[in-house]
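Anchor point for the sequence shown: position 13 equals 33 in the working numbering, and the numbering is continuous, going up by one each time.
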Amino acid sequence: MNRISYLVASAVVVASLTGCVVEAPRHPYYVSSVVRVAPPPPQVEIVSAPPVYGHIWIDGAWYWESGRHVWHPGYWSAPRPGYYWVPHRWEHEGGGWQFHEGHWDRH
Numbered sequence: 021m022n023r024i025s026y027l028v029a030s031a032v033v034v035a036s037l038t039g040c041v042v043e044a045p046r047h048p049y050y051v052s053s054v055v056r057v058a059p060p061p062p063q064v065e066i067v068s069a070p071p072v073y074g075h076i077w078i079d080g081a082w083y084w085e086s087g088r089h090v091w092h093p094g095y096w097s098a099p100r101p102g103y104y105w106v107p108h109r110w111e112h113e114g115g116g117w118q119f120h121e122g123h124w125d126r127h
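Laid out in structure tokens, this is it:
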């Protein structure tokens, strides 16, 4: 294989790999556990008009990360036919606080 063929083949491989994008989930994977520190009150968020008619607002929430509460802001989401959004929530349980991740549930 000559040098030009090698460069062209390398460029094709690199170009094909640039199309592979793996996006991290919007919210990190969360393992539920009891936290001894109560979450702060929810932050006030200014909710603008939806970017697309029919989208719904998913409220932000406090997540427990690296030993502290970290706010994850709300966002607009396309609705899922046949499902409704169950909001994130913290519940006082077992001498501490337990986080329940928001999720889509069937009607």
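C-beta atoms are modelled at their ideal positions from N, C-alpha and C, and glycine is treated no differently. Only a predicted model underlies this, so the values are computations on that prediction, with no experimental measurement involved.
query                                                                                                 : result
Minimum C-alpha distance to R100 - residue among P71, D125, V54, P61                                  : D125
Euclidean distance between Cα positions of R56 and V90                                                : 15 Å
Contiguous beta strand (DSSP E) assignments of at least 3 residues, all confined to the segment 69-98 : 76-78, 81-85, 88-92, 95-97
Cβ neighbour criterion (16 or more within 10 Å) applied to A81                                        : buried
Alpha carbon of S53 to alpha carbon of E65, nearest angstrom                                          : 27 Å
Pair within 8 Å by beta-carbon distance, H75 and W105                                                 : no
Same chain, Cβ closer than 7 Å to A58, five either side skipped, listed in chain order                : W117
Whole-angstrom distance between E121 and P62, CA atom to CA atom                                      : 15 Å
Beta-carbon proximity check, F119 vs W84, cutoff 8 Å                                                  : yes
Whole-Å CB distance - G102 paired with H127, under 8 Å assumed                                        : 6 Å
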